[in-house]
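Worksheet for the structure shown next.
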Amino acid sequence: MKISRILFISYFSLFGLVLLSFLVFGFAYKDKESNYCNSVENIEQRIIELNEFKYIVQSEGTHVIVKSDSLSRLVYSEFNNRPELKPSFKISHDTLYVYKSSNNLSNGITIISDDLNFIKGENCRVELFGINQTDFKIIANKTNVNFHGNTHIKNLELTLHNNSEFSGWQYSIQSLKLDVDNSKFWVNHNIVLNSIQGKVSNCSNFQVPKSHNYNLKIDEATSFN
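Each residue of the sequence shown is one higher than the one before, counting from 68 in my numbering.
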């Protein structure tokens, strides 16, 4: 009888401990989920109108998304409770300088302008969406460059140095001038250009675009297809 009573008390205690553990875990998960939802709800989009500019210079660690529109502006996401964490930038003459922000925005900032024709990046990332320009120049050093959203550029001058990468899948380019050094260049093979000229060197990884005219110098250390 005593043994049965001891076993009964032991089983009851174990059941109580298991039930208590589930309750504690449930409350903790609910609190964590609530905090996550609140943090998502607190994100708001901010818009800053900008003076006209033609050039963008990105510093190390920045991520810029470039789009076209007649009204120049900068768009970014901000937590309501941390309004001091905003993009760091300045406009001097006709150049927009973008610096790494203290909050290190992972989704990047969006810069909108229809006058832009030059981007210089140093150890950063730049993405172009739907840009429509006659002449455009990009100088990338340790930088990732991506073309999206039917970007149309008549004459593109592209410099990729020191482990930079370029990828373009939706774009239209008539004339492409390249300077690729120890970098990667990937494009959509279904798109045909009018002309390509320039040089590719120093162990670069190069995907040759289709073109009606070629004037390319590719060294023996470069792999291409």
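From the three backbone atoms N, C-alpha and C, an ideal C-beta is built for every residue, glycine too.
Please read all numbers here as calculations on a predicted model, not as lab measurements.
- Annotated as distal: residue 141 and residue 186, with beta-carbon spacing of 9 Å or more.
- In this structure, DSSP gives residue 253 an extended state, which the three-state scheme calls strand.
- Under the 10 Å beta carbon count, residue 112 is surrounded by fewer than 16 other beta carbons and is classified as exposed.
- Excluding its 5 nearest sequence neighbours in each direction, residue 127 has C-beta neighbours in its own chain below 7 Å: 167, 189, 190, 191, listed in chain order.
- In the same chain as residue 278, and ignoring 5 residues on each side of it, the C-beta atoms closer than 8 Å to its own belong to 243, 259, 260, 261, 262, 263, in chain order.
- Nearest to residue 175 by C-alpha distance, out of 143, 267, 122, 269, is 143.
- The criterion of a C-beta distance shorter than 9 Å is satisfied by residue 121 and residue 184.
- Rounded to the nearest whole angstrom, the CA to CA distance from residue 204 to residue 110 is 34 Å.
- Secondary structure remark: continuous beta strand (DSSP E) runs of at least 3 residues inside the region 192-255, in chain order: 192-196, 199-208, 211-215, 218-228, 232-235, 238-248, 251-254.
- Residue environment: residue 115 is assigned as exposed (fewer than 16 neighbouring CB atoms within 10 Å of its CB, all protein chains considered).
- Taking every protein chain shown into account, the CB of residue 201 has fewer than 16 other CB atoms within 10 angstroms, so this residue is exposed.
- For residue 254, the CB contacts under 7 Å within the same chain, skipping 5 residues up- and downstream, are 235, 274, 276 in chain order.
- Around the beta carbon of residue 137, fewer than 16 other beta carbons sit within 10 angstroms, so the residue counts as exposed.
- The alpha-carbon separation between residue 209 and residue 160 amounts to approximately 26 Å.
- One thing to note: residue 246 has its Cβ no nearer than 9 Å to the Cβ of residue 269.
- According to the DSSP secondary-structure assignment, residue 268 is paired through a beta bridge with 248.
- When DSSP reads this structure, residue 167 sits in no beta bridge, so it has no partner.
- With fewer than 16 other CB atoms across the displayed protein chains lying within 10 angstroms of its CB, residue 290 is exposed.
- In the DSSP assignment, residue 160 falls outside any beta strand (DSSP E), carrying neither H nor E.
- Listed as beta-bridge partners of residue 131 by DSSP are 176, 193.
- Residue 283 is bridged by DSSP to 265.
- The three-state reading of DSSP puts residue 121 in coil, since its state is none of H, G, I, E or B.
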